[in-house]
Amino acid sequence: MKLLITGGAGFIGSAVVRQAIRDNLKVVNVDALTYAACIENVASVSNSPNYSFEQVDICDRTELDRVFSEHQPDAVMHLAAESHVDRSIDGPSDFIETNISGTFNMLEAARAYWVDKGKPESFRFHHISTDEVYGSLPDDKSILFTEDTAYDPRSPYSASKAASDHLVRAWHETYGLPVVLTNCSNNYGPYHFPEKLIPVVILNALAGKELPIYGDGSNIRDWLYVEDHADALLTVIKQGEVGRTYNIGGENERTNLELVKTICRILDEYRSRESGSYQDLITFVADRPGHDARYAIDPTRISTELGWRPSVTIEEGLRKTVQWYLDNEDWWRALQNRDGVGKRLGTG
Ligand SMILES: NC(=O)c1ccc[n+]([C@@H]2O[C@H](COP(=O)([O-])OP(=O)(O)OC[C@H]3O[C@@H](n4cnc5c(N)ncnc54)[C@H](O)[C@@H]3O)[C@@H](O)[C@H]2O)c1
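Counting along the sequence shown from 1, when you hit position 11 you're at 11 in UniProt numbering, and nothing is skipped either side.
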């Protein structure tokens, strides 16, 4: 099977590329290499004869048509997106451009290619989305996001992803394009860009800087190890039912404060401070505008219908992640100089 993977130089896309090559699949990685990309994320597989790379912007329809025609993929896994909520508050236009217009271009290029090939039933357009499209949950632990939860996006990022989900479903209903969709909870793990909460906490702690927590730290997220997400996505592209949506989550709800304290405990064990705990560096900062209170996924459908389950607990995943950042200083140091990294963004 040959996969056309967009956003394969990003955090999750690169995990999918590495896993797909390990599984002996063929991959063409299509990525514009924005500020959030790091092509070193796929260095371990880039010499494989099964791997190729195209530096292409998904907003460029002519280039997309060329890539489809040259590489003849059997399936598309569409991950390319602007992904940082705080940046979407400061500058929403890139989010509208890439996440909505870019997805529209991908759908049109994929549809033209699929029609040209005689509409093969085996073709798939897999759209990778987020649980943030469902909005914010109350504190009642019995209420979870299911595939039937009504959309209620509340940030420019989640609204742009919601719009792209609607386009993908419309291209299935209207044109018959064989699509599958997934909506996943917050990911963490190796190669996470150092502007997101978990790497910020690890790297600030190592530098002896304050560990900024938005608001009072009570916001709840449902964390999933990125390699488990990649495994779920490859399960869905191979076995998912056409037209169906699968929610993906790790059943690991944590408040931001609990999460940061766990990272501090692991760091205290792996690289203790001269005195005190890394927890002493925790500082509460002004909240993000419109900060959703709680996200939590019900993964029953993907587990019962496709047999997928996460392979690590959050404790195991965080230990692997902290160890990876300790072992890969060259990787994150280079990214810390990029525009906006290390600054407080998205205060409205
Ligand atoms: N990170 C999460 O916790 C999470 C959770 C659920 C869903 N998702 C979704 O998964 C996908 C990947 O997220 P991520 O965290 O890996 O993002 P990321 O920001 O790390 O990577 C995005 C990649 O897309 C590329 N890209 C951006 N604009 C592009 C364009 N116009 N043309 C081509 N390439 C472009 C970037 O260069 C980058 O390599 C996104 O669609 C996101 O909405 C993310």
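Note that CB positions come from ideal geometry on N, CA and C, so glycine has one too. Everything numeric in this text was worked out from a predicted model, so none of it was measured.
query = Any idea if SER311 is buried or exposed, counting beta-carbon neighbours within 10 angstroms, 16 or more meaning buried?
reply = By the neighbour-count criterion, in which a residue is buried when 16 or more other Cβ atoms sit within 10 angstroms of its Cβ, SER311 is exposed.
task = Under 6 Å Cβ to Cβ from LEU324, same chain only, skipping five residues before and after it: list those, please.
result = A quick correction: the sequence has Trp, not Leu, at residue 324. Beyond the five residues adjoining it in sequence on each side, TRP324 comes within less than 6 Å, by CB distance, of PRO190 in the same chain, given in chain order.
task = Please list, in chain order, all residues of the same chain as LEU167 whose beta carbon is under 7 Å from its beta carbon, the five residues on each side excluded.
result = Once the five neighbours on either side are set aside, the close Cβ partners of LEU167 are THR103, PHE104, LEU107.
message = Using 8 Å as the cut-off, can you tell me whether the segment 237-248 makes contact with the segment 179-189, which would need three or more C-beta pairs spanning the two stretches below that distance?
response = Per the Cβ contact rule, the segment 237-248 is in contact with the segment 179-189 (3 or more Cβ pairs under 8 Å).
ask   = How would you call GLU253, buried or exposed, if buried means at least 16 neighbouring beta carbons within 10 angstroms?
value = Under this definition GLU253 is a buried residue.
inquiry  = Using 9 Å as the threshold, is the C-beta distance between ASP31 and PHE53 below it?
reply    = Result yes, Cβ atoms of ASP31 and PHE53 sit closer than 9 Å.
inquiry  = Quick check on this structure: which residue in SER122, LEU79, VAL133 has the alpha carbon closest to the alpha carbon of ILE5?
reply    = Shortest Cα-Cα distance from ILE5 to any of SER122, LEU79, VAL133 involves LEU79.
message = Please return the same chain residues whose Cβ sits closer than 8 Å to the Cβ of ARG61, not counting the five positions on each side in sequence.
response = Excluding residues within five positions, the ones whose Cβ falls inside 8 Å are ASN105, GLU108, ALA109.
task = Name the two residues that bound the continuous alpha helix (DSSP H) containing TYR151.
result = First-last for TYR151: undefined, no H or E at that position.
inquiry  = Tell me whether the segment 195-210 and the segment 149-158 touch, counting them as touching only if at least three CB pairs, one residue from each stretch, are closer than 8 Å.
reply    = No, the segment 195-210 is not in contact with the segment 149-158.
task = Output yes or no for whether 9 Å exceeds the beta carbon distance between CYS38 and TRP331.
result = Taking C-beta atoms as the reference points, CYS38 and TRP331 count as a pair closer than 9 Å.
ask   = Considering only residues of the segment 201-243, which uninterrupted beta strand (DSSP E) runs meet the minimum length of 3 residues and lie entirely inside it, listed in chain order?
value = Runs of the beta strand (DSSP E) inside the segment 201-243: 211-214, 220-222.
request  = Check whether the segment 14-29 touches the segment 40-48, taking contact to mean three or more Cβ pairs, one atom from each stretch, closer than 8 Å.
outcome  = The segment 14-29 vs the segment 40-48: in contact.
message = When you measure from the CB of LEU67 to every non-hydrogen atom of ligand 1, does any distance come out below 8 Å?
response = It should be noted that the sequence gives Val, not Leu, for residue 67. Judged by the Cβ position, VAL67 fails to qualify as a neighbour of ligand 1 at the 8 Å threshold, every heavy atom of the ligand being at least this far.
query = Comparing alpha-carbon positions, which option in GLY342, GLY348, ASN328 lies nearest GLU40?
reply = Each of GLY342, GLY348, ASN328 was checked against the Cα of GLU40, and the nearest Cα belongs to ASN328.
Distance between beta carbons of ASP131 and TYR295, contact taken as under 8 Å = Between TYR295 and ASP131 the beta-carbon gap is near 5 Å, inside 8 Å, which marks them as a contact.
request  = May I have the straight-line CA-CA distance separating TYR51 from LYS26, to the nearest angstrom?
outcome  = Across the structure, TYR51 and LYS26 are spaced so that their CA atoms are roughly 6 Å apart.
heavy atom of ligand 1 below 8 Å from LEU345 C-beta = LEU345 has its CB no nearer than 8 Å to any heavy atom of ligand 1.
task = Check each candidate in LYS141, VAL115, ASP222 and name the one with the smallest Cα separation from ILE314.
result = Of the residues LYS141, VAL115, ASP222, the one whose Cα lies closest to the Cα of ILE314 is ASP222.
ask   = Does DSSP classify CYS184 as helix, strand or coil?
value = In the structure shown, CYS184 sits in a strand (DSSP, three-state: E or B).
query = Using the rule of at least 16 other Cβ atoms within 10 Å of the residue's Cβ for burial, across every protein chain shown, is PRO138 buried or exposed?
reply = Burial call: exposed.
inquiry  = Taking only three categories from DSSP, how would you classify SER52?
reply    = In the structure shown, SER52 sits in a strand (DSSP, three-state: E or B).
query = Per DSSP, what kind of secondary structure is VAL67 in: helix, strand or coil?
reply = Helix.
ask   = Applying the criterion that 16 or more other CB atoms from any shown protein chain within 10 Å of the CB defines a buried residue, is ASP231 buried or exposed?
value = Per the 10 Å Cβ criterion, buried.
query = By the 10 Å Cβ neighbour count, where 16 or more other Cβ atoms means buried, how is SER122 classified, buried or exposed?
reply = Result: exposed.
query = Taking the Cβ atom as the reference point for each residue, do GLY217 and THR255 lie within a distance shorter than 9 Å?
reply = Yes. Within cutoff.
ask   = Name the DSSP bridge partner or partners of VAL28?
value = LEU4, SER52.
key: Among THR34, GLY249, HIS126, nearest to GLY340 - alpha-carbon criterion   = Residue nearest to GLY340 within the set THR34, GLY249, HIS126 is THR34 (criterion: CA-CA distance).
query = Cα separation between SER272 and LEU326?
reply = Cα atoms of SER272 and LEU326: separation of roughly 12 Å, rounded to the nearest angstrom.
query = Under 9 Å between the Cβ atoms of GLY346 and PRO289?
reply = Judged by beta-carbon spacing, PRO289 lies within the 9 Å limit of GLY346, meaning their Cβ atoms are closer than that value.
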